[in-house]
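Residue numbers (our numbering): 7 to 278.
See below:
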């Protein structure tokens, strides 16, 4: 699908206002949804045209730090380019969009960030799901190949520990959707919305579907006004992410959902 996100025609940074949803199907049903916001950053374009409104690698009410990604270097895009080249993805020379949570008041916990790497013709070359757990560990799932496209289901074997209530087994199913026509509800809430994006992840274990999660939002231009809107709506958003993770874990424990000990992390930093 062509459009600003794919082609970089209007490669300006965006911010999304939306929600995160999570449903556990067994052994007892457990579901929740929270409002959220996240960044959508055109990383190649930002090299030549920095975003004045967004503090980068310095403190701000809402900011972005390259060191929060990859191997912690000062240039996260350079890290991603090296990762893709090392994995045999040689044609991702177009725009790279990063969907990620920002730092808020200097703090952030990023359960997952998505790197959308495009070819020069605007088609998707690869998607990297960069996952962090609460133990300070990080792992990347690389999605690429002939079947890669917006709207198609993609999969990867689960190898990385995220929740003590899920064993390291089964597969993830990913699906990424976007539209250039936000819904009427999104338009009412955000008249400046230009697109809508959804990232869905389902976890299937040996018994079948177990978890269904999604992060979605209406994309609006990232500027001083939209950053103020985000901050004043959710000034403790980053702290809320980690607090809600522990609150939901307590609820699962009280429901006597089976608990699994933390395994040794995988040797490979990237898997498929």
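Just so it is clear, CB atoms sit at the ideal spot from N, CA and C, and this is done for glycine as well. A quick note: this is a predicted structure, and the numbers were derived from the prediction, not measured.
Next on the checklist: Suppose contacts are defined by Cβ-Cβ distances below 7 Å. Is residue 74 in contact with residue 85 by that definition?
Outcome noted: In the chain shown, residue 74 corresponds to position 68, counting from 1. In the chain shown, residue 85 corresponds to position 79, counting from 1. Cβ atoms of residue 74 and residue 85: not closer than 7 Å.
Item to complete: Would you kindly work out how many angstroms separate the C-alpha atoms of residue 206 and residue 179, rounded to a whole number?
Response: Your numbering for residue 206 matches position 200 in the chain shown. Your numbering for residue 179 matches position 173 in the chain shown. Rounded to the nearest angstrom, the two C-alpha atoms are 8 Å apart.
| task | Mind checking which residues open and close the alpha helix (DSSP H) that includes residue 89? | result | Residue mapping note: residue 89 aligns to position 83 of the chain shown, counting from 1. 82–92 is the span of the alpha helix (DSSP H), which, as asked, contains residue 89.
Check: Can you name the residues that DSSP bridges to residue 27?
Finding: Locating residue 27 in the chain shown gives position 21, counting from the first residue. Looking at the DSSP assignment, residue 27 forms a beta bridge with 39, 220.
For the beta strand (DSSP E) that contains residue 179, what are its first and last residues?
Here residue 179 refers to the residue found at position 173 when the chain shown is read from its first residue. Residue 179 -> beta strand (DSSP E) spans 177–185.
Euclidean distance between Cα positions of residue 56 and residue 81 | Locating residue 56 in the chain shown gives position 50, counting from the first residue. Locating residue 81 in the chain shown gives position 75, counting from the first residue. In this structure, the alpha-carbon of residue 56 lies about 13 Å from that of residue 81.
Margin query: Does the structure place the stretch 86–99 close enough to the stretch 60–70 that three or more beta carbon pairs sit under 8 Å?
Written below: Under the Cβ criterion (8 Å, minimum of three pairs), the stretch 60–70 does not count as touching the stretch 86–99.
* Along the chain, where does the alpha helix (DSSP H) that runs through residue 232 open and close? -> Reading the chain shown from its first residue, position 226 is the one you call residue 232. Segment 230–239, the alpha helix (DSSP H) holding residue 232.
- Query: Quick one: is residue 23 buried, meaning 16 or more other Cβ sit within 10 Å of its Cβ, or exposed?
  - Reply: As a first step, residue 23 is located in the chain shown; it is residue number 17 there, counting from the start. By the 10 Å Cβ count, residue 23 comes out buried.
- According to the neighbour-count rule (16 or more other Cβ atoms, all chains shown, within 10 Å of its Cβ), is residue 43 buried or exposed? The residue given as residue 43 occupies position 37 in the chain shown. Per the 10 Å Cβ criterion, buried.
**Prompt:** At what residues does the beta strand (DSSP E) containing residue 104 begin and finish?
**Reply:** By one-based count along the chain shown, residue 104 stands at place 98. Where residue 104 is concerned, the enclosing beta strand (DSSP E) stretches over 102–106.
- prompt: For residue 227, which of helix, strand or coil comes out of DSSP?
  reply: Stepping through the chain shown from its first residue, residue 227 is reached at position 221. DSSP, read as helix, strand or coil, puts residue 227 in strand.
ask   = Do residue 60 and residue 70 have their CB atoms nearer than 7 Å?
value = Within the chain shown, the letter at position 54 stands for residue 60. Within the chain shown, the letter at position 64 stands for residue 70. Going by C-beta atoms, residue 60 is nearer than 7 Å to residue 70.
Using 7 Å as the threshold, is the C-beta distance between residue 198 and residue 175 below it? What you label residue 198 is simply residue 192 of the chain shown in a count that begins at 1. What you label residue 175 is simply residue 169 of the chain shown in a count that begins at 1. Residue 175 sits away from residue 198, with the two beta carbons spaced by 7 Å or more.
Under DSSP, the alpha helix (DSSP H) around residue 251 begins and ends at which residues? For the purposes of this step, residue 251 is taken as the residue at position 245 of the chain shown. Start and end: 243–260.
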